[in-house]
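2 protein chains.
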Amino acid sequence: MARSRSLARARGPRREGVSRSIDPRVQSSERLLDATAELLGEHSAIDVSLSEIARRSGLNSALVKYYFGNKEGLLLALLKRDAERAMGALDHLLAMQVTAAHKLKIHISGIINAYFRSPYLNRLIHHLIESGGQESSRAVTSMFVEPMLAAYKAIIDQGVAEGSLRPTDPALLYFSLVGACDHIFHAAYSVRSALGETQITEEIKQRYIAHVTEVHLNGLLASRKG
Amino acid sequence: MARSRSLARARGPRREGVSRSIDPRVQSSERLLDATAELLGEHSAIDVSLSEIARRSGLNSALVKYYFGNKEGLLLALLKRDAERAMGALDHLLAMQVTAAHKLKIHISGIINAYFRSPYLNRLIHHLIESGGQESSRAVTSMFVEPMLAAYKAIIDQGVAEGSLRPTDPALLYFSLVGACDHIFHAAYSVRSALGETQITEEIKQRYIAHVTEVHLNGLLASRKG
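Going down the list, the protein sequences come from chains A and B. Here the first sequence is numbered in the working numbering, starting from 430 and rising by one per residue. Here the second sequence is numbered in the working numbering, starting from 430 and rising by one per residue.
Below you can see the structure in the form of structure tokens.
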């Protein structure tokens, strides 16, 4: 009888540890990534264990080795999945026939939504660069940092050419804007003191998008004449 | 003969591990804090060991227990020392007879200079809140988060009353401005790709202060009539 149960289920000490949002019909490698994303979103550090991931996904932790080599490989694959989604949206944005200011507005909303969906993003980037060795570090830079810098440069160049944005160093804007978008998720501990909520709600997220957009659009618009 | 050497020196495996910037004349507890600050500034995570701190300070690691109880106590004391300096400057700023916009400008420069001097600040806050238990968490909130929020509220209230700043939620500004100021130090790994330097130089710091100030002052100024 016990043999007919999947090995993964048999390993899980608590059946209720398996997430109901992880669809058992999708491919195992995707389920492992979904479980890791869920756990990282709940934790405040990159300290998920393979056994937690196995329990949450309802799969055997040996599959991590099979699909990703090791935990670092799994984390890098998760970041890659997020990066592809985010950078795909960024490419789409750059190709749109709208003003630079409008692109910036859409981008701010996109980046805050990405952190809302995957609040572990910057922590994961940080972890992979600091602990993951040269290869991870190089992969993360080419996945995230370089495309973002290129996009900021393109948007500012367009805005300056249109006369709508003031000339701004894209690299400095990259740091200040990403930092502004990320910090409310990174500094989750102060959300209770500052906003009276134990977590970022959809309503706070919307207010934050409006705030960061207002400050940055007003901050970067070329001053009107007269 | 060996007995005449200090215990600390005898323990240090490499004499050159002792920092030349740590003054042997100052009180031992301060030397331990200075050594910890130096090491945290060099590392990218909060992973300094008591033996490293002992080596760097030229003191016996048992003194950590004597002065601070344990490593968490030492880290909390270091944060307290930084907080007293920063919050003293903030009180002074609030009492100044200048416009709200001018206060904001001084504050942005002050906060970026604080991170430049102590790049570990936000990491340390994060670590103490996440790993330090309720007491540390409470201490950090009352040392940093609450005074900052109160200061932002006072500056915005003043600016709105003067008609110089637009009404802005101080809590949201706290997250976006602290995030903007901090991220270039937190995301040190992308400084090389973005700015072609392996670390934040005095010149980059000055450019960053000018950038964050320009974006935020323009972003928060009440629009001029006409």
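Glycine included, C-beta positions come from ideal geometry on N, C-alpha and C.
Interface flag, residue i vs chain B, CB-CB below 9 Å
i	result
L469/A	no
A529/A	no
K654/A	In this prediction, K654/A scores a pLDDT of 42, lower than 50, which makes its location untrustworthy; the coordinate-derived value is nonetheless stated afterwards. Chain B contact via Cβ: absent.
H536/A	no
V477/A	no
L601/A	yes
Local conformation of residue i per DSSP, three classes
i	result
L488/A	coil
Any C-beta of chain E under 9 Å from that of residue i
i	result
E575/A	Among the chains of the structure shown, chain E does not appear; the protein chains present are A and B.
is_contact[residue i, chain A] using C-beta, thresh 9 Å
i	result
D598/B	yes
N542/B	no
S480/B	no
F604/B	yes
D463/B	no
Straight-line Cα distance separating residue j from residue i
i	j	result
T465/A	A600/B	31 Å
V477/A	E471/A	10 Å
S622/A	L522/A	36 Å
L395/B	V644/B	As shown, chain B starts at 430 and ends at 655. That puts residue 395/B outside it, with no answer to give.
F573/A	A518/B	37 Å
Q456/B	L557/A	39 Å
S480/A	S605/B	36 Å
S406/A	N499/A	The structure shown has nothing for residue 406/A, since chain A only spans 430 to 655.
V620/A	V607/B	13 Å
I584/B	L578/B	10 Å
S538/A	Y549/B	29 Å
E467/B	I475/B	12 Å
D463/B	K494/B	16 Å
A413/A	E459/A	Here chain A covers residues 430 to 655 and nothing more, so residue 413/A does not appear.
L649/B	L650/A	12 Å
Y603/A	L646/B	18 Å
K582/B	S490/A	50 Å
I541/B	V641/B	9 Å
S551/A	E559/B	Correcting the residue identity first, residue 551/A is Asn in this sequence and not Ser. Their backbone Cα atoms lie some 16 Å apart in a straight line.
K534/A	E632/A	18 Å
L624/A	L488/B	43 Å
D452/A	A483/A	14 Å
P576/B	D520/B	9 Å
**OP:** Please name the residues in the stretch 637-649 of chain B whose beta-carbon is closer than 8 Å to at least one beta-carbon of chain A, in chain order.
**Re:** Y637, H640, V641, E643, V644, H645, L646, N647, G648 and L649
Subject >> Inter-stretch contact (C-beta, 8 Å, three-pair minimum) for the stretch 563-570 of chain B and the stretch 624-633 of chain A >> reply: no
Original post:
Would you call the stretch 513-531 of chain A and the stretch 601-614 of chain A touching, i.e. three or more CB-CB distances under 8 Å?
Top reply: no
Original post:
Would you call the stretch 533-548 of chain B and the stretch 631-646 of chain B touching, i.e. three or more CB-CB distances under 8 Å?
Top reply: yes
Original post:
Is it a yes or a no for the stretch 586-600 of chain B touching the stretch 586-594 of chain A, going by three-plus beta-carbon pairs under 8 Å?
Top reply: no
Original post:
Quick one, which residues of the stretch 509-524 of chain B are near chain A if we go by CB-CB under 9 Å, in chain order?
Top reply: none
**OP:** Below 7 Å between beta carbons is the criterion; list the residues of the stretch 547-561 of chain B that meet it against any residue of chain A, in chain order.
**Re:** I558 and E559
Original post:
Along the stretch 563-587 of chain B, what residues have a CB closer than 7 Å to any CB found in chain A?
Top reply: S566, T570, V574, E575 and L578
Original post:
Within the chosen definition, does the stretch 520-532 of chain B reach the stretch 494-511 of chain B through at least 3 CB pairs nearer than 8 Å?
Top reply: no
Original post:
What residues from the stretch 607-631 of chain A come within 8 Å of chain B, judged by C-beta to C-beta, listed N to C?
Top reply: V607, G608, A609, C610, D611, H612, I613, H615, A616, Y618, S619, S622, A623 and L624
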